[in-house]
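Numbering (our numbering), first residue to last: 44 to 140. Note that beta-carbon positions come from the ideal geometry of N, C-alpha and C, so glycine has one too. Shown next, in structure tokens, is the structure this report addresses.
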Ligand SMILES: [Zn+2]
């Protein structure tokens with residue numbers, strides 16, 4: 044009864060620490076959806092093997108959700124569009140003096 048082929052999860056060794064740097068460096072871009080599929084796949088593969096990085100991603104993702112919800116509550120989309128328009132006009136006016 045030897046299940047040597049079974050992946051028990053404790054396969055350490057070639058999950059280098061550089062990968063963690065890489066994963067963390069791409070965190071923001073990953074959550075912003077700015078990465079290509081190959082990079083996303085690589086990072087997801089890393090997160091499956093690396094719980095510290097997964098936690099960092101989870102934390103950041105949660106944080107973003109909270110901030111997004113807060114922003115949505117504080118500033119209605121309509122008002123935000125108007126604010127942007129006002130800011131644009133101010134900028135244009137100050138530019139043409
Ligand atoms: Zn990692």
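A residue is listed when its beta-carbon falls short of 6 Å from at least one non-hydrogen atom of ligand 1; in chain order these are 62, 63, 66, 89, 93, 95, 96. Judged by DSSP secondary structure, residue 92 falls within the alpha helix (DSSP H) whose first and last residues are 80-92. A residue is called buried when at least 16 other Cβ atoms come within 10 angstroms of its Cβ; residue 73 meets this threshold and is buried.
Under the criterion of beta carbons closer than 8 Å, residue 89 and residue 123 do not qualify as touching, at roughly 36 Å. For residue 71, the enclosing alpha helix (DSSP H) stretches over residues 70-75.
Between the stretch 96-108 and the stretch 64-78, the count of C-beta pairs closer than 8 Å reaches three or more; the two stretches touch. Taking a contact as a CB-CB distance under 8 Å, the pair residue 105 and residue 70 does not count as one, their CB atoms being some 13 Å apart. One Cα belongs to residue 126, the other to residue 109, and the distance between them is close to 22 Å.
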